[in-house]
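Residues in the sequence shown are numbered from 118 upward in steps of one, following our numbering.
Working notes, beginning with the structure itself.
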Amino acid sequence: MSKQNEKKYDLIIWGASGFTGRLVAEYLIGKYGISDDLKWAVAARNQSKLETVMAEIGAEKVPMVIADSHDVASLNAMASQTKVICTTIGPYAKYGSELVAACIENGTDYCDLTGEVQWMRKMIDKHHEAAKAKGIRIVHTCGFDSIPSDMGVYFLQ
Ligand SMILES: NC(=O)c1ccc[n+]([C@@H]2O[C@H](COP(=O)([O-])OP(=O)(O)OC[C@H]3O[C@@H](n4cnc5c(N)ncnc54)[C@H](OP(=O)(O)O)[C@@H]3O)[C@@H](O)[C@H]2O)c1
């Protein structure tokens, strides 16, 4: 069995106590509820705030994980439990670099919604080869405002 198949969750939303993360969690609880179709969890740095926000959207039974960007061990513990992490915690240049490293370390696919191009360049320079060698997908800039920019480049080309 591959390492991915041994993981407890398919997806963790890190930042679910914030504005954007809450919207993602609200979408997932509406679409999937709690089922084996998608084994998902929410994560944040502050358990009580996370519990309050999840109760507000009817997602209080979704499993919760606590991880702080300043605590690398907590990031590794989170990344080791899931196949994919979607992070809504930014600014990414301030809070995001260690999570990218933890995902590569733990064989975890990753997506974010950063628009911070200098930081993306830095992450690509630092991690691309290792991610490629391990077959891990690090996908920056998913959705929201990022889509018009992507379409602009596409049309320009
Ligand atoms: N590309 C786009 O179109 C687009 C659109 C929307 C947002 N964004 C970006 O997405 C990010 C989030 O935006 P938002 O409006 O959702 O912000 P937000 O409501 O302020 O949420 C930020 C989240 O980060 C968490 N956080 C802060 N410091 C942390 C740390 N040290 N460890 C772990 N978690 C930490 C906060 O936790 P607490 O709840 O405990 O404070 C909160 O859950 C921003 O960088 C924003 O620029 C991009």
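Beta carbons are placed, not taken as given, at the ideal position from N, Cα and C, and that holds for glycine.
Item                                                                                                                     : Value
Distance cut-off 7 Å: residue 178 Cβ against heavy atoms of ligand 1                                                     : no
Through-space distance from residue 156 to residue 149, alpha-carbon basis                                               : 9 Å
Own chain, CB closer than 7 Å to residue 271, minus 5 neighbours either side, in chain order                             : none
Residue 196 and residue 225 closer than 8 Å at C-beta                                                                    : yes
DSSP state of residue 176 mapped onto helix, strand, coil                                                                : coil
For residue 145, the nearest candidate out of 165, 178, 262, 166 (CA to CA)                                              : 178
Member of 236, 200, 199 whose CA lies at the smallest distance from the CA of residue 215                                : 236
DSSP state of residue 128 mapped onto helix, strand, coil                                                                : strand
For residue 155, the residue or residues it bridges with in DSSP                                                         : 152
Helix, strand or coil at residue 118 [DSSP, three-state]                                                                 : Summary for residue 118: the model assigns pLDDT 44, below 50, so the residue's position carries little reliability; its value from the coordinates is reported in the next sentence. Note: residue 118 maps to coil in three-state DSSP.
C-alpha distance - residue 118 paired with residue 175, whole-angstrom precision                                         : With a pLDDT of only 44 at residue 118, under 50, the local geometry of the prediction cannot be trusted, and no value is derived from it.
Nonlocal neighbours in the same chain, by C-beta distance under 7 Å from residue 132, ignoring five residues either side : 138, 161, 204, 205, 206
Selection from 212, 211, 255, 188 that minimises the alpha carbon distance to residue 220                                : 255
Burial state of residue 264 (16 or more Cβ within 10 Å)                                                                  : exposed
Sub-8 Å separation of residue 181 and residue 198 beta-carbons                                                           : no
Environment of residue 268 [buried if 16+ CB atoms lie within 10 Å]                                                      : exposed
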